[in-house]
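Data first, discussion second: the structure below is written as structure tokens.
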Amino acid sequence: MRSISVDCCIAGGGPAGVMLGVLLARAGLSVAVLEKHGDFFRDFRGDTIHPSTITLLGELGLRQEFLRQPHDTITTLDAVVNGNRLHPVDFGRLPAPDDFLVLMPQWDFLTFLAAHGRSYPGFNLHMQTEATGLIREGGRVVGVRATEPDGELEVRAPLTVAADGRASALRADTELVVDDLGVPVDVLWFSLPKPKEIPPSTLAYLDETSMVLTIDRGTNYQAGMVIRKGSFDVMKQNGLDGFRRAVAATAPFLAPVLGSITDWQQVKLLTVQIDRLQRWHEPGLLLIGDAAHAMSPAFGVGVNYAIQDAVAAANALVAPLRSGAVDESVLAGIQARRMPPVVRMQKLQKRAHELFAKPGGGAVLPNPAPAPLRWLIAAATPFVQRYAARVIGRGFRPEHLGPALREPQAEWRRSAD
Ligand SMILES: Cc1cc2nc3c(=O)[nH]c(=O)nc-3n(C[C@H](O)[C@H](O)[C@H](O)COP(=O)(O)OP(=O)(O)OC[C@H]3O[C@@H](n4cnc5c(N)ncnc54)[C@H](O)[C@@H]3O)c2cc1C
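When you read off a place in the sequence shown, starting at 1, and then add 749, the result is the number in the working numbering.
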């Protein structure tokens, strides 16, 4: 078995793990980020880069380079409820310049971040390396066992971070207690070409039967349909025709292009989950991102929360990791900082699943809406827009780089060649 030692071992090369690895390596520490896949390619993952993440990239000096990567930009998110068009989100109400949301395939974003990480000698990304369990000695976690293409690997470190997502293998190797908040829905994701007649960019269509999401990806739509949890198998038995009819009933403008779905292989099931650990740590081990708190796709904030966790963790960990020992009180401090915004957002997501992103749709408006209701909506819209832009775009506690992270450690910086 091959064995390596680093300052911090991170299991999982998603947004949380890669961002934490980059930040710690920038502070001059050695990190091993283990990613079980051979690349970052995942279909239909969180592809939203929120204004607060764009601000962070600015703090890292990467904003311009990031915005040069191919991406789509969104400033407003509309919803059509029973044919009534609403404008609940306007990121333009956030302070400039980070007053927009970027849509970028998650694999491009992670490739971009990892490329930046590689400019620090302490950043070691091990692809095709799967963490299989924790190594414990003297009552604390001292590293991770993993498999890599050539065999077994042991990574030893004063701190292990589990950022291996909501099906975390490392979390399963602990006795930490998970609270499952229970969500009554799953989401089907599928890609659709744009029809000839397209309405203004719209995030969601709702009526009394369903909710259909249409995320504008330039040449196509990343489309989603909210279904009752566990009902996908029944839908499949009822055939693709029934599925196409259901989508077209809620978002009629898609009817001309639904014929492009000819096989259930084109429709991916996201089992929606909202859960969180009661405690995110034990001696020598910290869990962050979805591994600590799986977020529902409601409001598309999972990536942002994973990144904010990574920043809060890096801010707190640089000094103790430089000293070679991380007391569990530091890990408790990271949880104490991140738990409140996570709890608030998960409550909001749960409410969304009770009100509108729920099985059988969430129609709340008559069609056509009577004039007094239209006036009320128009009067409330600016307030809703301001609140939604803040809560969705920046989160309840946006994190910033602390003093130890602001400047890369000069002696660690690789020369430009
Ligand atoms: C279909 C779908 C759509 C979503 N849509 C959105 C959206 O629009 N906007 C949004 O913000 N969020 C969305 N989310 C949620 C978002 O993707 C997650 O909240 C976010 O990616 C969490 O980041 P993470 O780094 O904690 O975990 P993940 O992104 O899950 O990353 C975990 C990584 O660990 C790797 N891994 C797993 N096990 C191991 C192991 N044992 N060893 C090594 N590596 C391992 C995985 O391959 C993965 O790369 C969506 C999620 C899904 C599934």
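Just so it is clear, CB atoms sit at the ideal spot from N, CA and C, and this is done for glycine as well.
Just the C-alpha distance for residue 884 and residue 983, rounded to the nearest angstrom, thanks. 43 Å
How should residue 968 be labelled, buried or exposed, when 16 other C-beta atoms within 10 angstroms of its C-beta is the threshold for buried? exposed
Step through the CB atoms of chain B and report whether any lies within less than 8 Å of the CB of residue 1074. Judged by its chain identifiers, the structure shown contains no chain B, having just a single protein chain.
Judging by CA-CA distance, which residue of 989, 755, 886 is the nearest neighbour of residue 874? 755
Secondary structure of residue 1059, DSSP reduced to three states: helix
Less than 8 Å between the beta carbons of residue 797 and residue 852, yes or no? yes
Element boundaries [alpha helix (DSSP H), containing residue 1102]: 1077-1104
Tell me whether residue 1136 sits in a helix, a strand or coil according to DSSP, three-state version. helix
For a test of your reading of the model: does the CB of residue 984 fall under 7 Å from any non-hydrogen atom of ligand 1? Yes or no. no
Straight-line CA distance for residue 1148 to residue 1086? 10 Å
Helix, strand or coil: which one does DSSP assign to residue 930? coil
On the premise that residue 859 lies in contact with residue 1059, defined as a C-beta separation below 8 Å, what is that separation, rounded to the nearest angstrom? Between residue 859 and residue 1059 the Cβ distance is about 12 Å, and since that is not below 8 Å, they are no contact.
Would a C-beta distance cut-off of 8 Å place residue 795 and residue 1049 closer than the cut-off? yes
Going by C-alpha distance, which of 1029, 1101, 1120, 1041 is nearest residue 1079? 1029
Using CA coordinates, which residue listed in 803, 835, 764 is at the minimum distance from residue 1129? 835
Quick one: Cα of residue 767 to Cα of residue 782, how far? 7 Å
For residue 906 and residue 887, the rounded distance between their alpha carbons: 14 Å
Contact test: residue 923 Cβ vs ligand 1 heavy atom, cutoff 7 Å: no
Separation of residue 1033 from residue 1076, as counted between CA atoms: 8 Å
Which of helix, strand or coil does DSSP assign to residue 917? coil
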